[in-house]
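Only one structure is covered here, and it is reproduced in the block below.
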Amino acid sequence: MSSFVLALLLLPFIGAIVTFVVGKLNKKIPFFLAYIFSIVLFVDVVYLFSVYEQPFVIDYEWFRFGENALPFGIYIDKLSLIMLLIATGLGLLDIHFSHDYMKEEKDQARYYAKMLFFIGGMILLVSAKELLGLFVGWEFMGLASYLLISFWHYNKAPADAGVAAFLYTKFGDIFLFAAIGLLFYFTKTLDIATLNHLAATNQIDSTLMYVIAIFIFIAAIGKSGQFPLFPWLMRAMEGPTTVSALIHGATMVNSGIYIVARMFDFYVASQALIVVAAVAALSAFVGATSALVQSEMKKVLAYSTMSHLSLAFIGLGAGSLAAGMTHLVNHAIFKALLFLSAGAVILVAHHTKDMWKLGALGKKLFLVALFMGMGILSLSGLPPFSGFYSKDAVILSTLTNPQTFGLISSLTLIAGVLSIAYGGRLWVLLFVSPQKDEKLHNSIKTPSLFWIALPLGVMAVLTLALGFFQEELISFITSTKGSEEHIGWLFPFMMGVIVFFAFLVWFFYYKRLDLLQKVSAQPLMKTIHQILFHGYYVERMIEWFVQTIILGVVTSFVAFIEKNIIDKAVNGVVWLSYKVFLLFGLSKSSQVSNQVGGMVLGVVVLVFVMLVRNFI
Amino acid sequence: MSYVALIFAPLVFSGFLYLFTKKSPLAKYIVLGYFVFLFVETLFLYLQLPQNGYLMLGKFLEVKEFGFILTLEIDRLSSVMLLLTSLLLILVTLSSWSMQKESAYFSLLLFFSGAIFGVFMSTNLMWFFIFWELTLIPMYFLVGIWGGDGRVYAALKFFLYTHVASMFILLAFFLIFKQTATFDMTQIQESMLVTPTLIWWLLFVGFAVKMPLFPFHTWLPDAHVEASAPISVLLAGVLLKMGAYAMIRFVILMLPQEAHKYAFVLLGAGILSLLYAGVMALYETHLKKMVAYSSISHMGLVAIGMATLSYEGLSAALFEMIGHAFIIAPLFLIAGFFHYKTQSWQMQDLGGIMQKAPYISALFVLAGLGALGLPATMGFVGEITIFLSALDTYGAWVAFIAFGAMIGSGYIIWTLRRVIYGPMSQKVQESNFSISWVEFFALAVFGIAIVAFGVYPQALFDAINEVFSAYNLGGAM
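Those sequence lines, one after another, are chains A and B. The letter at position 276 of the first sequence is residue 300 when you use the numbering used here, and the numbering goes up by one with no holes. The letter at position 49 of the second sequence is residue 62 when you use the numbering used here, and the numbering goes up by one with no holes.
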């Protein structure tokens, strides 16, 4: 058994190295190597899943410094298994899809090696027994996203986007780092299960617990793109679309929710869940409203990711592990589907990302339109797609929890129903609204059935089929039954609003595009559009703060001190000692070498005088 | 073989080497061969260390009246430093392989090796001081002759600054002699000093300059900028480590009571260096100055580790010292290489080098990731162990030093963006980034070490943990 677990952890990294080294030989090799490795990984996880009885635990001591030992254990339970299935399963489909999507790319070896490394980071993260191992995986993902987002590093925009991804998430990471230090200092353990147990039995100081829960949540905010650390998520769209699918569906952004879910008992005991819910509700609203007006299809999906991850956080924050985790799982699948569908469109449309330039692709890309449509229905929360069940559960949990009832539940509800608006808008603009650029339209060819449509189809079927297994999913993750509570008005209300929004989208984006232009020409609408389009100017504000305050004022101030005080002080001492030296009348020469000698001697004399007077 | 030859043979023969190989390229082969021999020799010495950790190598040149005996004795700490030094000397020689032709350069390296071995091996304060000063002479010439445009100023500043600092050390040593009538380190440790506080402060300032710690660091950016790349490695990897070694040896282990009393000074200087130099590195657009400030920042981290005065913290500090040597060396070497090819230090003139020189750029990225403390590099291990030990000694409030990691990420990632990634600049387009395989080999060794010891740090900690277990570090804080 343990050999399968070890293989799971090591193979991605070995695969990355092998792919990189061997892949330099031939352009075809990297894909097949990476493909084989990801199939093996997926089969390995499926095998572990099928034989699962109780958590696999491997204890291992990483290293020992002084008397302290830092552990690096493996712990794979049901929660990890679900995440592993997502990471390796969607990762496999993603690599499958890359065959055509990255065909033109010269540097195949680098691409596939980094993809495997990315998947490996996620596997490490979800298999870690201690927070330390989790942190290692956490940082690996930060690195992998940095390297992959700036994959086309020779262009300015992707290179900048990589920097943003790294630094935004790193800002969160230092809080996780600090939390690890504090936990190690106060509790002497980093084992997550032990920490949960200690927290649940009130053996940790409540203030400490609260602080640490907040610190870890800040790290999760960074990784999962929550308010206000989300701008990197949108900038990340500069990377290849397959990478976006991997970041948004299979791996990286899920890790923030995973860590809160993993430490759920700790969060419950720390009373910090309400903070999680509040921040997430704000993010859900910001994300959903911003997604409404984006013109790049990938940015719509990026904001929608932000919004839907927030829904998962809200589920956790409202105290329902089941709602949060099932939404995470369902979201991972339909979001990967949506991203890859968008990728298929981008591929055939010669890297046109602006959906206002496309349109009427439904006939040419029938399968893509069909599968993407299924993904959007799931995103919007229509039964019987899986997205419906978990989104409903999240909203229900906020309504039934008296702490989150009110502002948080309202924001959640708004964010929840807006999905159909931006999702539907995306779909209508791409597939049914009239074509805008004939030349572009005519050059579009139907993509490959096997390499492009197949993975989309698999995911579309999954997102539909998973809807029928929600009970099983919940009982697998939480070992309990789903909540029995129901609110009678919720379902008809949701359906009514969704249908209404769907009608609005159909009306404005298909039927009466002229009306839309008139409405959006209004000054007020223009202002709102600008605010939403720029994601509430959060990125501008952060950028201003970093560029002007940190890089401008603070560093200039420190540099001023360095040049004018610290360095001048040194010269001042030299000058002073030279004067003292002259005072003794030892030199009247102005020769440089004499001056230098004088300086040295002067300092020595000064020090000696001091000493003689004080001590001898 | 008499071990005293390890010190004096290079000192004497460097002169002969210069005279006899003036016109032939033989010098570098001889020096390289000697350094390899030196590495093997120190490895043997390390393996010979007895259980208690002390290996007496003999006493020489006795002038009893003045307590002037060259006592050579090594313990685990000094033997680890010797190993690191001799390894770095090999790699420094290799990295100068094609860029330096003159035998004087290699003769000075040889001279330096003798002096530095003297520093690490002698336990007599007077001789320690002599060797300590002797290291300055080759460094002065190495910076002053083979440096950049402002090399004379930089070399002089470096020389004077550290030389004046040495005066503090000398004074402290005289005071010790006045009170104990001996220069022998082990005897001093047992005796009661009358004014230990003054001695502690003098030693602290003297060694803080060498390390360097805020606010005594201003000589370092200048010296680094003007020195050629391999000499920068020597400065950062060996000379700074010499300061850190002396800090541990004298300020902490020789005067444990005072160290406990004033550890907060060391901690403060360390934290200030970490953050202040980090911010300076953010500010710099001069590639090599950025690396130099990042070096100071990391030495601040080392000082924090030392200031814990605990078995864990000192082990962590020693690990970080070694890690810093391996990480900063490729950064300096590659920065120097970029400058050599493009004739520019300014980051805005560079950019997009990844497209021209992917492997060297990848190594630069790797070393940069080590510097910002990414897991699976030596930088992370040093960072987290020092962080945990600092919390252990000083409590939860020091957790804010985690911000140092944010600053570190900032300057490294922005530097990578400006130098390695992005569109190619005019200068980069015009330059040819070919590198000789010898130099690439030296770089690759650093790269492999950064990852290997980062993934499996136990290999180093096996040795490091033993270093401080031999010492009595005094009571708890």
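Glycine included, C-beta positions come from ideal geometry on N, C-alpha and C.
| Check | Outcome |
| --- | --- |
| Candidates LEU70(B), VAL49(B), ASN65(B) and LEU456(B): closest to LEU58(B) by CA position | LEU70(B) |
| Alpha helix (DSSP H) runs wholly inside the region 497-554 of chain A, at least 4 long, in chain order | 514-530 and 537-544 |
| The region 294-308 of chain A in contact with the region 401-408 of chain A per 3-pair CB rule at 8 Å | no |
| CB contact below 7 Å: SER15(B) versus chain A | no |
| The alpha helix (DSSP H) enclosing ALA93(A), as first and last residue numbers | Premise fails: ALA93(A) lies in the beta strand (DSSP E), 92-95, not in any alpha helix (DSSP H). |
| Same chain only: Cβ atoms within 6 Å of SER613(A), ignoring 5 sequence neighbours per side | With a pLDDT of 47 at SER613(A), under the threshold of 50, the predicted position of this residue should be treated as unreliable, and no value is reported. |
| Continuous beta strand (DSSP E) stretch holding LEU83(B): start and end | 81-87 |
| Partner residues on chain A for VAL292(B), Cβ-Cβ distance less than 7 Å | VAL578, THR579 and VAL582 |
| Alpha-carbon to alpha-carbon, ALA360(A) and TYR353(B) | 47 Å |
| Inside the region 45-118 of chain B only - alpha helix (DSSP H) runs reaching at least 4 residues | 89-108 |
| Rounded Cβ spacing between MET303(B) and ALA294(B) (contact assumed at less than 8 Å) | 5 Å |
| ASN81(A) - partner residues in DSSP beta bridges | The identity of residue 81(A) in the sequence shown is Val, whereas the question assumes Asn. Partner(s): TYR99(A). |
| MET565(A) burial status per 10 Å Cβ neighbour count (16 or more: buried) | exposed |
| Spatial distance of PRO23(B) from ALA117(B) (CA atoms) | 13 Å |
| CA-to-CA distance, THR43(A) to GLU325(B), given in whole angstroms | 39 Å |
| Local Cβ density within 10 Å of ASN478(B), reported as buried at 16 or more and exposed below that | buried |
| Candidates PHE48(B), LEU60(B), THR84(B) and VAL49(B), of which the one nearest SER15(B) by Cα | THR84(B) |
| Inter-residue CB distance, PHE557(A) and GLN318(A) (contact presumed, cutoff 8 Å) | 7 Å |
| CB contact check: THR231(B) to chain A, cutoff 7 Å | yes |
| Nearest candidate by alpha-carbon position, reference VAL17(B), set PHE217(B), LEU51(B), ILE420(B) and LEU32(B) | LEU51(B) |
| Local conformation of ASP184(A) per DSSP, three classes | helix |
| Cβ-Cβ distance between GLY196(A) and ALA269(A) below 7 Å | no |
| Helix, strand or coil at PHE290(A) according to DSSP, with G and I counted as helix | helix |
| Alpha-carbon to alpha-carbon, GLY280(A) and ILE106(A) | 15 Å |
| GLN571(A) classed as buried or exposed, judged by whether at least 16 other C-beta atoms fall within 10 angstroms | exposed |
| Residue closest to TYR282(A), alpha-carbon to alpha-carbon, out of ALA260(A), LEU257(A), LEU352(A) and ILE238(A) | LEU352(A) |
| PRO343(B) at chain A interface by Cβ criterion, 7 Å | no |
| Beta-bridge pairing of ARG88(A) - partner residues as DSSP gives them | ALA93(A) |
| Beta-carbon gap between LEU226(B) and ALA316(B) smaller than 7 Å | yes |
| Where ALA183(A) meets chain B, residues with beta-carbon distance less than 7 Å | ARG430, TYR434 and GLY435 |
| Endpoints, the alpha helix (DSSP H) within which LYS212(A) is located | First-last for LYS212(A): undefined, no H or E at that position. |
| DSSP state of GLY488(B) mapped onto helix, strand, coil | Since pLDDT at GLY488(B) reaches only 42, below the 50 mark, its modelled position is unreliable, and no value is offered. |
| Cα-Cα separation, VAL578(A) to SER286(B) | 16 Å |
| Paired residues, beta bridge with ASN278(A) - DSSP | According to DSSP, ASN278(A) bridges with nothing at all. |
| Three CB pairs or more closer than 8 Å across the region 455-475 of chain B and the region 381-396 of chain B | yes |
| Status (buried if at least 16 other CB within 10 Å, exposed otherwise) for MET349(A) | buried |
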